[in-house]
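First the structure, in the form of structure tokens, and then the observations on it.
Chains as they are written, first to last, in my numbering: chain A, 184 to 685; chain G, 184 to 685.
Right, here's the structure in full:
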């Protein structure tokens with residue numbers, strides 16, 4: 184094929200792959216948000232067909248030939264097309280290392296493991312999950328061997344979620360975080376300023392008003408409802424079918440004042456990223472984030488650093504007093520700020536506060552690297568888990584349901600995913616620190632409910648880059664630094680020292 | 184290929200085609216119900232890709248080879264598989280007569296025509312639509328030639344919507360209907376019993392209560408909300424992604440008491456058909472209706488014959504009095520029945536009552552056969568249209584927007600679709616007459632809000648057949664008769680004679 188033509192043909196083929204993947208995402212979204220209960224089995228078959236078609240189209244040798252032809256004429260392409268070509272080649276080269284037979288074996292093992300995990304967690308019986316965990320560890324080692332690695336097989340798996348990151352880089356970062364965050368958590372719980380939970384928190388909060396509040400905050404953040412929507416689902420998530428169709432979900436409960444709000448802001452942070460790619464990247468892999476950690480940095484920045492800030496509550500208190508007449512009369516912005524940041528050292532990761540969250544991640548990272556590197560037997564996971572919870576959180580695990588069976592990730596065969604949550608926290612703090620320097624009145628603006636400068640800065644330095652750079656490159660360009668713990672620990676320690684008079 | 188194996192391979196391939204089509208239907212539904220405004224262009228591209236993949240998979244020569252191999256061993260298949268094989272072969276043989284190049288030309292002409300029609304209707308300027316109508320008539324003649332026909336090219340087009348039906352069969356039926364229905368309409372409007380519209384109709388009707396009413400009626404009809412749902416959309420429709428996921432939409436307006444209800448019942452009638460196929464047909468073409476006319480017979484039977492009956496209103500009046508406290512105190516079931524059947528001879532088909540509806544269809548049929556057979560120039564459509572409206576409805580058409588530009592069908596390139604609406608009315612009356620004989624207490628049951636016997640009868644005689652028989656065969660088996668006008672005219676004339684004291 185004419186090399187100049189090869190890129191265009193490849194591009195069109197990849198757009199088709201993207202359309203099939205987007206269709207699959209629509210079916211997934213519908214399944215979580217709308218599908219009637221009996222629709223499940225047929226939906227599963229429809230998704231399997233769609234995904235198989237997308238996979239076949241993408242991993243066909245014809246795609247490889249087009250890539251090679253296009254690469255031969257790479258110098259004739261402009262920088263955007265070069266970037267797109269390189270990303271397509273990167274994805275393709277990883278995909279073709281995993282043979283179809285392995286994909287099928289892995290997928291079958293995963294389905295079985297997921298069902299077993301659901302039962303095991305319900306009965307809090309690790310032994311039911313053990314053979315499946317064992318099998319998935321073996322399969323993940325096999326996957327790592329197929330993908331290739333230089334240092335540890337774990338790096339080959341991590342690459343799927345946090346491209347370019349290695350466990351050698353993570354280890355010292357996580358060691359320092361573990362030490363400093365578990366010390367901070369111990370000091371907050373020992374603090375006399377902790378106090379009991381105030382009575383007003385226990386009121387009922389009308390869910391229709393909560394919904395209005397989340398939509399108001401999302402609009403203020405800059406979420407474009409003309410190019411997106413919010414719905415309810417059992418587990419909040421973000422998905423997108425194009426730059427102009429980005430959907431988030433939240434959940435509402437009358438008892439919890441903060442739950443829906445922080446879910447909405449968190450997913451809203453992800454959604455602003457998805458709505459912020461360049462128009463000319465629409466439908467291509469460039470219109471995506473370079474890593475889960477960078478994606479998570481956006482949700483964390485909005486949820487924790489902005490949503491759980493005092494200026495945020497200064498702005499929304501008058502609004503909330505109108506929304507909930509009589510319910511917040513004796514509650515000040517300081518009270519809301521304090522309760523939004525109350526440290527409740529918990530056994531459960533998804534209920535963890537900012538102060539302890541990374542500790543949950545780190546213990547999982549340590550266990551899963553040990554599993555993949557063969558330093559830990561699957562059978563020994565519960566004991567090792569409980570020991571680390573004691574060490575980092577000072578808690579005793581009463582049963583495996585609230586211990587090593589609590590998360591879905593391993594049952595899905597995902598090893599290497601957890602670190603991205605902690606990296607998201609680190610990246611967000613580094614971005615925030617730089618943004619604060621670039622926008623001196625940032626917090627005055629937040630105090631007025633004006634988030635535009637913040638969003639513009641993120642658009643310019645993060646969102647619009649898409650996948651043109653890795654997470655580390657984006658961070659370097661935006662902040663001048665490599666990923667580190669300084670900004671995050673400073674943020675965390677100063678926030679909690681003030682809150683708890685440490 | 185081993186002929187015994189050929190059928191199974193073909194079957195799996197066709198299931199895949201079905202999954203891609205179902206995915207496409209999900210994307211369509213989402214577009215009408217949920218999609219944010221800016222999502223349109225990407226959605227269009229996603230749908231184009233999905234449809235192209237489904238079409239390529241279906242019309243590939245490999246499908247043809249499998250069909251031939253399977254047909255060679257047809258005698259070894261059981262009756263259900265024989266039926267399925269025959270239906271697949273029927274669809275395939277029609278599809279391959281239309282070359283890819285024609286599909287593309289047709290599709291492009293249609294897109295242009297649709298846009299032009301939107302503008303033309305808005306400005307009520309037929310000349311803007313004329314060149315597109317002209318082009319689509321030419322393309323439809325070409326399509327008819329590709330498909331083949333013996334009598335008139337119109338029959339080749341009609342086949343897509345009402346398989347086996349011919350314009351030679353339709354003509355005498357429609358001539359009789361036109362004569363009798365336009366006479367009946369004239370008598371009702373001349374009747375002194377017509378009276379003015381009562382004041383209570385002009386009240387505001389809370390839309391949340393309307394929604395509850397529609398869901399109550401749907402549940403009573405037997406619509407399974409565990410395998411379906413109702414939503415709002417600008418134009419009510421029914422779609423399905425499997426037997427266990429059937430979705431309808433309706434629209435709500437405070438001013439109109441009947442609009443949402445009859446939309447819901449109408450779409451509910453379609454939906455009961457889709458939920459009523461045999462479980463073993465799931466995912467195959469056997470789980471579909473043999474024709475649009477037969478599908479429409481179900482919506483019309485539920486909407487007009489049951490929903491607009493006196494027993495129906497006898498049952499729901501007490502419920503409605505509770506739903507709308509004070510609003511219906513002086514309104515009786517007879518009043519509701521009368522207003523649900525008020526004849527309002529209208530220029531607009533979709534606003535037409537039962538008494539005049541077929542007249543709108545017949546005039547379109549007469550014009551489109553004349554266009555396709557070359558007896559009428561596109562440029563002469565407005566004049567011919569207005570003349571027929573005068574003749575059948577006794578009305579003057581003030582502008583083309585409320586005349587020949589009112590319907591979307593021609594702009595979509597659909598010729599041969601309109602007759603199925605009238606056939607639906609005829610079939611529904613023939614089915615009802617037989618059902619009334621089979622279930623002597625049918626109306627007593629409806630009077631109690633019990634629709635089970637009616638649904639069971641339709642399930643047995645219509646729904647569960649799927650596409651194993653043509654519409655005419657289903658009618659013959661169920662009623663012992665060919666399609667005719669007797670049952671419908673008797674139903675209509677007796678209903679309106681009573682209502683209007685004719």
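Cβ coordinates follow ideal geometry from the N, Cα and C atoms, glycine included.
When C-alpha distances from residue 644 of chain A are compared across A:381, A:610, A:195 and A:486, the shortest belongs to A:610.
Between residue 596 of chain G and residue 322 of chain G, the C-beta spacing is below 8 Å.
Listed in chain order, the non-local C-beta contacts of residue 483 of chain A below 6 Å within the same chain comprise 607, 608 and 611, local neighbours out to five positions each way being set aside. Neighbourhood of residue 228 of chain A in chain G, by CB distance below 8 Å: 198, 202 and 466, in chain order.
Secondary structure of residue 533 of chain A (DSSP, three-state): helix. When the five nearest sequence neighbours on each side are left out, the beta carbons in the same chain lying within less than 6 Å of the beta carbon of residue 368 of chain G are those of 528, 538 and 539, in order along the chain.
Taking 9 Å as the Cβ-Cβ cut-off, the region 401-428 of chain A approaches chain G at 407, 408, 409, 410, 411, 412, 414, 424, 425, 426, 427 and 428, given in chain order. Scanning A:617, A:481 and A:388 for the CA closest to the CA of residue 504 of chain A turns up A:388.
Around the Cβ of residue 250 of chain A, a 10 Å sphere holds 16 or more other Cβ atoms; the residue is buried.
Of the candidates A:214, A:434, A:356 and A:317, the residue whose Cα lies closest to the Cα of residue 300 of chain A is A:317. Three or more beta-carbon pairs separated by less than 8 Å link the region 337-354 of chain A to the region 646-658 of chain A, which places the two stretches in contact. Assignment of beta-bridge partners to residue 411 of chain G by DSSP yields G:429. In this structure residue 225 of chain A does not touch residue 204 of chain A by the C-beta definition: roughly 20 Å separates them, more than the 8 Å allowed.
Across the structure, residue 430 of chain A and residue 576 of chain A are spaced so that their CA atoms are roughly 35 Å apart.
It is roughly 31 Å from the alpha-carbon of residue 209 of chain G to the alpha-carbon of residue 477 of chain A.
Straight-line spacing of the CA atoms in residue 325 of chain A and residue 667 of chain A works out to 31 Å. Contact residues of the region 470-496 of chain G toward chain A are absent (C-beta to C-beta distance below 8 Å). For the pair residue 189 of chain G and residue 253 of chain G, the CB atoms are nearer than the 8 Å cut-off.
With a threshold of 8 Å between beta carbons, residue 213 of chain G makes contact with chain A.
Taking CB atoms only, residue 236 of chain A has a neighbour in chain G less than 8 Å away. The Cβ of residue 209 of chain A sits closer than 8 Å to at least one Cβ of chain G. When secondary structure is reduced to three states using DSSP, residue 390 of chain A falls in the helix class.
Look at residue 658 of chain A: its C-beta is not under 8 Å from any C-beta on chain G. Spatial neighbours of residue 648 of chain G in its own chain (CB-CB distance under 7 Å, excluding positions within 5 residues in sequence) are listed in chain order as 657. Relative to residue 384 of chain A, the option among A:512, A:219 and A:433 whose CA is nearest is A:512. Here residue 187 of chain G is not near residue 255 of chain G, since their CB atoms are 8 Å or more apart. Taking residue 201 of chain G as the centre and dropping the five residues before and after it, the same chain places the C-beta of 466, 467 and 468 closer than 8 Å to its C-beta, in chain order. Residue-level contact by beta carbon holds for residue 232 of chain G and chain A, with a gap shorter than 8 Å. Residue-level contact check: residue 222 of chain G touches chain A, since one or more beta carbons of chain A fall below 8 Å from its beta carbon. In the three-state reduction of the DSSP assignment, residue 345 of chain A falls in the strand class, which pools E and B. In the three-state scheme derived from DSSP, where H, G and I count as helix and E and B as strand, residue 497 of chain A is classed as helix. Within its own chain, the residues whose Cβ lies closer than 7 Å to the Cβ of residue 401 of chain A, once the five positions on either side in sequence are excluded, are 413, 447 and 451, listed in chain order. Using a CB distance below 8 Å, no part of the region 311-328 of chain A faces chain G.
Chain G has no Cβ within less than 8 Å of the Cβ of residue 391 of chain A. Under the Cβ criterion of 8 Å, residue 618 of chain G is not counted among the residues facing chain A.
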